[in-house]
Amino acid sequence: DIMLDKKINNIASMGNIIIDSQLSAYILKDKANFKILLRCPLETRIKRMSDRDETNYKEKIDETLRREWSEARRFKKLYNIDLQDEKVIRELYNIIIDTEKLSIEEIVDNVVAEFKKS
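Quick note on numbering: UniProt numbering labels position 98 of the sequence shown as 98, and the sequence is numbered without any gaps.
What follows is the structure in structure tokens.
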């Protein structure tokens, strides 16, 4: 994790770059000019992943909850980051989008519109 964070910081230093990473907004903080958080309710995420991976819904939810629990523990231990801290999230991200009922095109339109405002 730490080595990857250093690499992300080095890449971010190049400028004019897009980085897709679960923790990049936290790691880069002021280095990142525009931070986007895409969200979706658990049930919708599981359905999308099950459809995409052609897997059983129950298996996918178990796998996802285990992974998210493990990540939450690791992020808290390594970085003291709580991905559920709404106050920090609202302060950190420029835009937070609930993708549940949006198409990819609508998401892109929202991001572009918000980016142009910044």
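Don't be surprised by glycine CBs; every beta carbon is placed ideally from N, CA and C.
Once the 5 residues before and after residue i are set aside, which same chain residues still bring their CB inside 8 Å of it?
{"i": "LYS31", "result": "ASN9, ALA12 and SER13"}
{"i": "ASP1", "result": "ARG74 and LEU78"}
{"i": "ILE46", "result": "TYR57, LYS60, ILE61 and THR64"}
{"i": "THR55", "result": "MET49"}
For residue i, which of the options has the nearest alpha-carbon?
{"i": "THR44", "options": "ALA72, GLU100 and THR55", "result": "GLU100"}
{"i": "ILE107", "options": "CYS40, ASP82 and LEU28", "result": "CYS40"}
{"i": "ILE36", "options": "SER24, ASP5 and LEU42", "result": "SER24"}
{"i": "LEU4", "options": "ASN16, GLU68 and ASP20", "result": "ASP20"}
{"i": "LEU42", "options": "VAL112, ARG52 and GLU68", "result": "GLU68"}
How close, in whole Å, do the beta carbons of residue i and residue j come, if the pair is a contact with beta carbons under 8 Å?
{"i": "TYR79", "j": "TYR26", "result": "7 Å"}
{"i": "LEU38", "j": "ILE97", "result": "5 Å"}
{"i": "LEU83", "j": "ALA72", "result": "6 Å"}
Suppose the cutoff is 7 Å on Cβ atoms and the five residues either side in sequence are ignored; what does the same chain contact list for residue i look like?
{"i": "PHE34", "result": "ASN94, PHE115 and SER118"}
Among residues of its own chain, excluding the 5 on either side of residue i, which ones have a beta-carbon nearer than 6 Å to its beta-carbon?
{"i": "SER50", "result": "TYR57 and LYS60"}
{"i": "ASN110", "result": "ILE97"}
Unbroken stretches of the alpha helix (DSSP H), 4 residues or longer, contained in the stretch 28-90: If we require 4 residues or more, the alpha helix (DSSP H) runs fully inside the stretch 28-90 come out as 42-53 and 57-79.
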